[in-house]
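J.:
Protein chains: 6
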Amino acid sequence: MYFHDKRLQYPVRVETPDPLFARQLQQAIGGVEGEIRVCLQYFFQAWGARGPDTRYRDMLLHTATEEIGHIEMLATAVALNLENAPLTLQETAAEAHPVVNAVLGGERPRHVVEGMLQRHLLSTGLAAMPTNADGVPFDCSHVYASGNLAADMYANVTAEATGRTLAVRLYNAAKDPGMRDMLSFLIARDTMHQQQWLAAIEEMGGAAALPIPNSFDQAQERQEFSYVYLGTGTEGVPPPEGRFTAGPSMDGRGQFSALQATPMGEAPVLGPARPGSGAQQEQIVPR
Amino acid sequence: MYFHDKRLQYPVRVETPDPLFARQLQQAIGGVEGEIRVCLQYFFQAWGARGPDTRYRDMLLHTATEEIGHIEMLATAVALNLENAPLTLQETAAEAHPVVNAVLGGERPRHVVEGMLQRHLLSTGLAAMPTNADGVPFDCSHVYASGNLAADMYANVTAEATGRTLAVRLYNAAKDPGMRDMLSFLIARDTMHQQQWLAAIEEMGGAAALPIPNSFDQAQERQEFSYVYLGTGTEGVPPPEGRFTAGPSMDGRGQFSALQATPMGEAPVLGPARPGSGAQQEQIVPR
Amino acid sequence: MYFHDKRLQYPVRVETPDPLFARQLQQAIGGVEGEIRVCLQYFFQAWGARGPDTRYRDMLLHTATEEIGHIEMLATAVALNLENAPLTLQETAAEAHPVVNAVLGGERPRHVVEGMLQRHLLSTGLAAMPTNADGVPFDCSHVYASGNLAADMYANVTAEATGRTLAVRLYNAAKDPGMRDMLSFLIARDTMHQQQWLAAIEEMGGAAALPIPNSFDQAQERQEFSYVYLGTGTEGVPPPEGRFTAGPSMDGRGQFSALQATPMGEAPVLGPARPGSGAQQEQIVPR
Amino acid sequence: MYFHDKRLQYPVRVETPDPLFARQLQQAIGGVEGEIRVCLQYFFQAWGARGPDTRYRDMLLHTATEEIGHIEMLATAVALNLENAPLTLQETAAEAHPVVNAVLGGERPRHVVEGMLQRHLLSTGLAAMPTNADGVPFDCSHVYASGNLAADMYANVTAEATGRTLAVRLYNAAKDPGMRDMLSFLIARDTMHQQQWLAAIEEMGGAAALPIPNSFDQAQERQEFSYVYLGTGTEGVPPPEGRFTAGPSMDGRGQFSALQATPMGEAPVLGPARPGSGAQQEQIVPR
Amino acid sequence: MYFHDKRLQYPVRVETPDPLFARQLQQAIGGVEGEIRVCLQYFFQAWGARGPDTRYRDMLLHTATEEIGHIEMLATAVALNLENAPLTLQETAAEAHPVVNAVLGGERPRHVVEGMLQRHLLSTGLAAMPTNADGVPFDCSHVYASGNLAADMYANVTAEATGRTLAVRLYNAAKDPGMRDMLSFLIARDTMHQQQWLAAIEEMGGAAALPIPNSFDQAQERQEFSYVYLGTGTEGVPPPEGRFTAGPSMDGRGQFSALQATPMGEAPVLGPARPGSGAQQEQIVPR
Amino acid sequence: MYFHDKRLQYPVRVETPDPLFARQLQQAIGGVEGEIRVCLQYFFQAWGARGPDTRYRDMLLHTATEEIGHIEMLATAVALNLENAPLTLQETAAEAHPVVNAVLGGERPRHVVEGMLQRHLLSTGLAAMPTNADGVPFDCSHVYASGNLAADMYANVTAEATGRTLAVRLYNAAKDPGMRDMLSFLIARDTMHQQQWLAAIEEMGGAAALPIPNSFDQAQERQEFSYVYLGTGTEGVPPPEGRFTAGPSMDGRGQFSALQATPMGEAPVLGPARPGSGAQQEQIVPR
């Protein structure tokens, strides 16, 4: 079960509120690279973890719980960035941009409102919501928890790699020193989280964990296709050469090679449509 | 641009059609672990690949193109498994299960129809569709293409790891020798695809690719938090120990340690609701 | 504005309630071939119809309003088919299937519950909901209203063609005479609705409405590609011959021909990743 | 920030695992009446709460944190109910149901697999996932946090009312004593949560909180329509009479009455389609 | 069944079309607080209403039918606000903003186009669509119809409370007198609709309707947790005090109290992964 | 199976990159009128095509394969249009718009960033993604493949009609000569694709293909309603007259007429809520 402390994990300060930056921060809350995703992903992996070694369950729970606090920090940052947002178009014109108003006849600019997520104004009363930066709600199909620990750890590395890439982009986009400070902390945590899931893969044996799942007897797969890079080009140009076309495979269980792909099957033949199946008559009985 | 050959990449045969297996195969078509996802993911990564080394773009294009053929094989397998599916409840009762009909008074069993995706009957005329095994349509937010090659390669390893886990589960669930043969081929290809994306990461420098993105100056992150595992337990039990709590970090740039998390920030203070923002009066003016 | 009469447009009777048929009927309510879709589609087309001839706006409004009544009939049919559904697994075992219970030791069958949409039991209290037959909620992106009347009329023909195909499949699946009667009415209305949208296209000039939109000066398109069927096969087999590869085009503005497709462009060249864009270092600076 | 204790808030025991009950429990995890929803809803309301009285923010945080533990309990219950689920169709036939196998020739029943969420088998390795009982992923658009405290409290009462209705249905469907015990606890908590949000509304003034938002000057609304029930029937039958058609309004600011609705506006007139807007020619220039 | 009158329920006039306001109005059409939602919600509640008192069914039908007319008014308002929207970027530059063009060299501003929903231009030909103000299509999972009348009435109060909050925000954002007039009518109707659903709850007994559902025997719930507010803080600070922590409960069936939450269960123990379940070998057999 | 050539089907050049045009082009990639949709639609129709005449399967495969190349062209166009997009707000201010900066004090304009899809900056590193122009991901429920060839051909005409309408709107919006050239090619292909599906319908018999499905015996439908236009107006104004209210029907199987709709059914009567169904007590037992 869970507990909270009213204080934030790390300080969140905003000196100059910026409603467009509030919008951009939404990606780190409700985007597929964001914190709701990793939080729920680590929780569902933990709650479903099977196997004799419960350490991974514990490890996941600690970090999942930390991630709730990251959503909280970002939601706070969004609300603070929206503090002075114009509520109406008039407000924009009348208060916020006197110089431009002069140029534009008191009618414009409205781009501050135009660049906002409209739901920040219309649906939340100037607060964060569980959507991405373009307003699309987070959808929990992105919570990857496969029941295979190694697959899940790679999913977690991916989530933290795209998450840190996003955080870096936000850092580069940020002007506000408070926001830069907050992001420098979140970037550091993403560094660690990438590292810890990779460490777990190493603990699971590294190459010995491959191919995933490693509990399937490879004698049952068509092994002549297990380590061959298939080219699908028509130009007569061979596929690119690289670590993946020659030498020992990464799992040490085969040798990489490369081959041009060709059809091994025939054109498929499906049965005709059956009476009563709602097809056209011509699909049922030959004309 | 693209070309096709009417023949399949690998033979697809079904001796004993089974509409429930048709349903299960849908997960490999339109599930998040499925082939539409990897196909579009590799295409979008290729089409957006930036950088001086165009080999990764090429490598992605070859494999993306191969994946179209995998969707085709699976869609064919679904259609073949639906060949003899009952179109109606009566048909089930009247033809398919005489023994049970005797026991059950000619009314039942209908579970063959009940276990089907209803849309296989009602929407497709007994053919595959781009949904998962529970009928949820594939949604392209699962196409990960971050603009960071290393993050994308980890996303690809993940996709093939969950994809091979799914294919193994389908193989274990399959009775039909034709289906087992087809899956033994797809499992082999997933083996290779896991390997080739890992090989690409090695080519990018392995640990040198980390933390992702490696183009961000780590001096700008709060480095005291970059390699520390934070425990969030309240029971007085320390976090689990492992490769991730001591010793050199995976990227060789730090030393792992572990620490109990504590709040470093304060309870957040948001401004009151503003007049005209649609809040309750009490949120605007103190009572 | 709108009015209602408590009575249904056409009688809805169910003699033998069947919870699986309730599930199948959901496709006609909240499926993409269903009545919510056509209802909202005709309304949004009507409400946005521009042009001097307001007859199409009126025509759409009449039929959109009729469709509300069709949703109502189907929702009533779902509720009636759920009247005697088992609320619990015990109820199934204890009451509904004594013969099977004897055979199976009082534990089974539960397939009546298993074949139901679980939300019919858990979320609605045995009533219809705006989802399809596999439980996926209707999503209004399927409301096609393009602002081009001819495109919209084809969208409407399509909706009624797939709608009538669905209704025919449901009719074939139905045992209950009341349900067959209701569906025989809905099928007839779908017949008419297909006809009326086709009649509208004829009124708009038939071939003169093509290509859609007909307000674009065809001199601005690359006309050498406007009436040529492009083959993309690699087998050396030419594309299939038919009405679409020779003779005058359907719009009378060209001659059909067929050609093997070949690349006319070059391999694309994108600029390298920019500093600060979150890419890997190798994408920014050549190694 | 947040902390966890490895122990559950309340015991979760399953004596007789049942994969269909696992499916039904999913509704309480990822359904719109479920625990992910209330958890995130209370969090986002708390994190965005504005106003001088921070008690509501605190109150929401306490309960939001409790709800994480409820998701955890339910996810554990799903995993335990899936412990003995058949992994394959053969396994069903060969092991699980010998009596039926005898009757049915060793081929059947497969309805245990057929009644499962296929993704429990194929995507999770027998664990919970953030979807509803029909496999639809939870989507965060259901997190209601409007920025108006009174509206949010009604949203919370609604969530707990539908949540307790669901929990009662699950209790009625449950056979397992451990599951009944767990649900008797969750039902009690839903009782309290309904009560506490209603108590908050009373604290906000009850009728004085109405109409929501109470910060809008009612003089600006067309008050002759503010307390009148409008009938839309065509049968000549007046609207139903009740508390809502006569007597003082609930907020004490008006008198209820009832009236037949009639059009007060005209048929709308939109401008013709503009050149270059992609309409048909006929929409742009009269024929 | 249903009928229409071509005239609008209330006049819709736009003096100065504004494409950004068109965008904002979309929230009231296809947002979760919008009119499609209440329309379909009241219809599905009516069509599934069970119980001896058919008045609630009737009451719901009258108001559901009224709501179609509100969608119509808003769709008309969107189309009118888009009348003069720029179709292209050039048009913006060339016609609409000569002063800025002078300053900016004829290149800009384009923010009028930039602030629009692009689909208003590209997909609708300048008309309304069933999406929210950020372009997300309405999804019918938001149609709450639980089969429990009291739960549904609270859902309806919530919908009208968030709906009126939205309408007030739009009123505050509106400059156009026609739009303000239309919104003053819609706000009044939302006032009434809040009132009428609350009146229905009072008719159902007010506190006697609680806890919802009131048909469940409370002796079956763990009543020691039915009226206690559980604190989940770790700071040693007790939960906030209020109407919800002391005194008689709202339903008169208990006494409120407050307590710090503690774990009553144990850490969950799941069985190991089973052979053939696609897990890693280490999850199946201890190393 | 499938092959690729690295070269594009048609040249894609961008002289003046424009991030807003990149956004608009997204509609042609991941919008419901876009190329992912037609590509997958033709593939799924081909892979599920049943009937003796395999020409339609072949015809669909050729064009489906062509459409992959169209997605590729558009994705390339998006990436090229994003080449010089500002990565940060500062960059905008500092580099891109010196004149405005002077006027606005170095703070603005940011509308170039504001008008972008934020995910182009934050999630893709300046590349295309499978979403529409407002950032909503493509969802494969839009892949229409009904199992009825005639219905599918109308669906294809519709897709190409809305697709060409979109392409025309993009052409009108485009300033860049390279973009206009690319679009003039895509418009031409849409012309042909409209034509070829209409030609297929003619081959299937034109009117003889109607009503769809033509395999249903019309004697089973309530034929008195099969060719009558039903009016639903209350104003006493008859429905509009047209080709659809008089004369022979389009399929030559009936005569059009028009009639005012009236209720033929009764008000529906549902059974009361059952004990244990989670309803309110009042719905179960009369008060």
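Protein chains in written order, with the UniProt record's numbering: chain A, 1 to 287; chain B, 1 to 287; chain C, 1 to 287; chain D, 1 to 287; chain E, 1 to 287; chain F, 1 to 287.
Note that beta-carbon positions come from the ideal geometry of N, C-alpha and C, so glycine has one too.
With distances taken between CB atoms, is the gap from A188 (chain C) to F225 (chain F) smaller than 7 Å?
T.: yes
J.: Find out if the Cβ-Cβ distance for the pair L149 (chain C), Q24 (chain D) is shorter than 7 Å.
T.: no
J.: Three-state secondary structure (DSSP) at S257 (chain D)?
T.: strand
J.: What is the DSSP secondary structure of D58 (chain D), reduced to helix, strand or coil?
T.: helix
J.: Among residues of its own chain, excluding the 5 on either side of T76 (chain F), which ones have a beta-carbon nearer than 6 Å to its beta-carbon?
T.: V12
J.: Who are the neighbours of L40 (chain B) on chain F, taking C-beta pairs under 8 Å?
T.: I36 and P130
J.: Please go through the same chain and pick out, in chain order, the residues whose beta-carbon is closer than 6 Å to the beta-carbon of A258 (chain D), but skip the five residues on each side of it.
T.: For A258 (chain D), where only same-chain residues beyond five positions count, the Cβ hits under 6 Å are Y229, P239 and T245.
J.: Is the Cβ-Cβ distance between D134 (chain F) and R119 (chain E) less than 7 Å?
T.: Yes, the pair counts as a contact, with Cβ atoms nearer than the cut-off.
J.: Measure from the alpha carbon of L60 (chain C) to the alpha carbon of each residue in C:F3, C:M73, C:L40 and C:Q223, then state which is nearest.
T.: C:L40
J.: Whether or not the region 134–148 of chain C and the region 160–178 of chain C are in contact is what I'm after, with contact meaning three or more pairs of Cβ atoms, one per stretch, closer than 8 Å; do they touch?
T.: The region 160–178 of chain C vs the region 134–148 of chain C: no contact.
J.: Kindly list the residues whose CB is nearer than 7 Å to the CB of L183 (chain B), restricted to its own chain and excluding five residues on each side of it in sequence; keep chain order.
T.: A167, L170, Y171 and A174
J.: Pull out every residue of the region 203–216 of chain E whose Cβ sits closer than 7 Å to any Cβ of chain C, in chain order.
T.: none
J.: How many Å lie between S78 (chain C) and A128 (chain C) at the Cα?
T.: Correcting the residue identity first, residue 78 (chain C) is Val in this sequence and not Ser. About 5 Å.
J.: Between the region 71–87 of chain A and chain F, which residues of the former have CB atoms less than 8 Å from a CB of the latter, in chain order?
T.: none
J.: Check for me: the alpha helix (DSSP H) holding Y229 (chain B) runs from which residue to which?
T.: Residue range V228 to G231 is occupied by the beta strand (DSSP E) that includes Y229 (chain B), with no alpha helix (DSSP H) assigned at that position.
J.: Give me the chain D residues within the contact set of R169 (chain B), using Cβ-Cβ distance strictly less than 7 Å, ordered along the chain.
T.: L121 and L122
J.: When you compare the CB of L186 (chain B) with every CB in chain F, is at least one pair closer than 7 Å?
T.: no
J.: State the DSSP-derived secondary structure class of G30 (chain A), mapped to helix, strand or coil.
T.: helix
J.: Helix, strand or coil for F138 (chain C)? Go by DSSP, reduced to three states.
T.: coil
J.: Measure the Cβ-Cβ separation of A267 (chain D) and R7 (chain E) and say whether it is below 7 Å.
T.: Yes.
J.: Quick check on this structure: which residue in E:D5, E:Y10, E:E160 and E:Y2 has the alpha carbon closest to the alpha carbon of F185 (chain E)?
T.: Considering only E:D5, E:Y10, E:E160 and E:Y2, the residue with the shortest C-alpha distance to F185 (chain E) is E:Y10.
J.: Short of 8 Å Cβ to Cβ, which residues in the UniProt region "Disordered" (234–287) of chain C face chain A?
T.: When C-beta distances to chain A are compared with 8 Å, the residues of the UniProt region "Disordered" (234–287) of chain C below that value are T234, G276, S277 and G278, in chain order.
J.: Do the CB positions of V32 (chain E) and H193 (chain E) come within less than 7 Å of each other?
T.: no
J.: On the three-state DSSP scale, how would you describe T165 (chain F)?
T.: Note: T165 (chain F) maps to helix in three-state DSSP.
J.: On the DSSP bridge list, what partners appear for H4 (chain C)?
T.: D:G233 and E:Y2
J.: Can you give me the start and stop residues for the alpha helix (DSSP H) that A200 (chain E) sits inside?
T.: P177 to E203
J.: Just checking: is the beta-carbon of T165 (chain A) within a distance shorter than 7 Å of some beta-carbon in chain C?
T.: Yes, because at least one Cβ of chain C sits closer than 7 Å to the Cβ of T165 (chain A).
J.: Is G115 (chain B) close to the ligand FMN? I mean its beta-carbon at under 6 Å from any heavy atom of the ligand.
T.: Here there are no bound small molecules, and the ligand FMN is not part of this structure.
J.: What residue does the alpha helix (DSSP H) around I284 (chain C) start on, and which one ends it?
T.: Q281 to I284
J.: Would you be able to state if there are at least three C-beta pairs under 8 Å between the region 267–276 of chain C and the region 195–209 of chain B?
T.: no
J.: By a C-beta neighbour count over all protein chains shown, 10 Å radius and 16 as the cutoff for buried, is D217 (chain C) buried or exposed?
T.: exposed
J.: Can you tell me the Cα-Cα spacing of L80 (chain C) and V14 (chain A), whole angstroms?
T.: 58 Å
J.: Kindly indicate which residue of D:A219, D:G115 and D:E66 has the alpha-carbon position closest to the one of D18 (chain D).
T.: D:G115
J.: Report yes if the CB atom of A273 (chain E) is closer than 7 Å to the CB atom of G48 (chain A), and no otherwise.
T.: no
J.: Between A158 (chain B) and T158 (chain A), is the Cβ-Cβ spacing less than 7 Å?
T.: Residue identity check: residue 158 (chain B) is Thr in the sequence provided, not Ala. Their beta carbons are under 7 Å apart, which means T158 (chain B) touches T158 (chain A) by this criterion.
J.: Determine the DSSP secondary structure at G247 (chain D), reduced to helix, strand or coil.
T.: strand
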